[in-house]
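Novice: Below you will find the structure I want to go over with you.
Numbering (the numbering used here), first residue to last: 4 to 207.
In structure tokens form, the structure reads like this:
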């Protein structure tokens with residue numbers, strides 16, 4: 004009986020020293036993993052999309068697709084397009100900077116891609132830094148052998164040319180730079196449309 008009691012004590016002691024470290028180790032690993040996950044969650048950056056916009060008007064592509072979508076006019080709250088045009092004009096120190104939001108609003112009015120007028124201006128006059136003096140014509144609009152069409156202000160030029168692009172081009176099936184070029188500047192070897200597409204793609 005005494006031997007049995009001693010055996011029980013030895014067994015209990017052995018089990019205590021085996022099980023206790025295992026339990027402590029398990030708890031320690033669990034707590035370590037829990038704290039690690041908590042820290043990772045706290046340090047993970049929050050991705051909040053502040054601004055979003057959809058392209059309005061004719062969809063213009065840097066490379067010509069096999070088909071072209073129809074004209075749309077979807078505008079989102081927090082519309083960033085005016086700032087996109089403004090930043091682009093500021094980058095090139097264009098005199099059109101104060102008219103950035105007017106360009107976008109006029110494009111919406113006529114359901115034209117908001118970047119198209121600015122891209123044409125970049126192609127034709129380096130964003131209104133090279134145009135016939137006193138004409139406010141930054142777009143090569145109405146220029147022919149008899150002279151150059153002039154406007155009374157940048158505002159009138161924006162209105163007239165945007166409306167003309169809608170009524171004389173887009174509504175008549177000229178819906179991308181390659182097609183517009185065929186009528187706008189038929190003597191071009193393709194560089195006009197290539198430039199306009201490039202400038203449009205820069206305004207994202």
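C-beta atoms are modelled at their ideal positions from N, C-alpha and C, and glycine is treated no differently.
Here the structure is a predicted model, which means the values were calculated and not measured.
By a C-beta neighbour count over all protein chains shown, 10 Å radius and 16 as the cutoff for buried, is residue 169 buried or exposed?
Specialist: As a first step, residue 169 is located in the chain shown; it is residue number 166 there, counting from the start. Buried, by the Cβ-count rule.
Novice: If you reduce the DSSP assignment to three classes, tell me which class residue 43 lands in.
Specialist: As a working mapping, residue 43 is identified with position 40 in the chain shown. Any reading at residue 43 needs caution, since the residue's pLDDT is 46, under 50, leaving its predicted position unreliable; the model's value is listed next. In the structure shown, residue 43 sits in a helix (DSSP, three-state: H, G or I).
Novice: Please go through the same chain and pick out, in chain order, the residues whose beta-carbon is closer than 6 angstroms to the beta-carbon of residue 183, but skip the five residues on each side of it.
Specialist: Residue numbering aside, residue 183 sits at position 180 when the chain shown is read from its first letter. Correct list, in chain order: 172, 177.
Novice: Taking the alpha helix (DSSP H) that residue 180 falls in, what are its first and last residues?
Specialist: On the chain shown, residue 180 is found 177 positions in, with the first residue counted as 1. From DSSP, the alpha helix (DSSP H) with residue 180 extends over 180 to 187.
Novice: Using the C-alpha atoms, what's the distance from residue 91 back to residue 167?
Specialist: Here residue 167 corresponds to residue number 164 of the chain shown, with the count starting at 1. Here residue 91 corresponds to residue number 88 of the chain shown, with the count starting at 1. Their Cα atoms are separated by approximately 23 angstroms.
Novice: Count the other CB atoms, across all protein chains shown, that sit within 10 Å of the CB of residue 180; report buried if there are 16 or more and exposed otherwise.
Specialist: The residue given as residue 180 occupies position 177 in the chain shown. Counting Cβ neighbours within 10 Å, residue 180 comes out buried, since at least 16 surround it.
Novice: For residue 100, which residues from the same chain have a beta carbon less than 8 angstroms from its beta carbon, with the 5 sequence-adjacent residues on both sides left out?
Specialist: On the chain shown, position 97 is the one that residue 100 refers to. 89, 92, 93, listed in sequence order.
Novice: How many angstroms separate the CA atom of residue 201 from the CA atom of residue 191?
Specialist: Translated into the one-based positions of the chain shown, residue 201 becomes position 198. Translated into the one-based positions of the chain shown, residue 191 becomes position 188. Answer to the nearest angstrom: the Cα atoms are 16 angstroms apart.
Novice: So, at 7 angstroms on beta carbons, what are the nonlocal neighbours of residue 47 in its own chain, with the 5 sequence-adjacent residues on each side left out?
Specialist: What you label residue 47 is simply residue 44 of the chain shown in a count that begins at 1. Any reading at residue 47 must be qualified, since the residue scores a pLDDT of 41, below 50, and its modelled position is unreliable; the value itself is stated next. Excluding sequence neighbours, residue 47 sits near nothing in its chain.
Novice: Using C-beta distances below 7 angstroms, list every residue in its chain close to residue 165, excluding the 5 sequence neighbours before and after it, in chain order.
Specialist: As a position in the chain shown, residue 165 is number 162, starting the count at 1. 109, 110, 113, 115, 120, listed in sequence order.
Novice: Just curious, the alpha helix (DSSP H) that residue 118 is in, first and last residue?
Specialist: Position 115 of the chain shown, counted from the first residue, corresponds to residue 118. First-last for residue 118: undefined, no H or E at that position.
Novice: Count the other CB atoms, across all protein chains shown, that sit within 10 Å of the CB of residue 27; report buried if there are 16 or more and exposed otherwise.
Specialist: Position 24 of the chain shown, counted from the start, is the residue given in the question as residue 27. Classification of residue 27: exposed, given that the 10 Å Cβ count is below 16.
Novice: Taking only three categories from DSSP, how would you classify residue 144?
Specialist: The sequence position of residue 144 within the chain shown is 141, counting from 1. Residue state, collapsed to three classes: coil.
Novice: Taking residue 169 as part of the alpha helix (DSSP H), name the residues at either end of that continuous run.
Specialist: Here residue 169 refers to the residue found at position 166 when the chain shown is read from its first residue. First-last for residue 169: undefined, no H or E at that position.
Novice: Going by beta carbon distance, what residues of the same chain come within less than 8 angstroms of residue 156, once the five residues before and after it are set aside?
Specialist: Position 153 of the chain shown holds residue 156. The residues are 139.
Novice: Looking at the unbroken alpha helix (DSSP H) that takes in residue 196, where does it start and where does it end?
Specialist: If you number the chain shown from 1, residue 196 lands on position 193. Residues 194 to 205.
Novice: Nearest to residue 193 by alpha carbon, out of 131, 145, 126?
Specialist: On the chain shown, residue 193 is found 190 positions in, with the first residue counted as 1. Closest option to residue 193, Cα to Cα, is 126.
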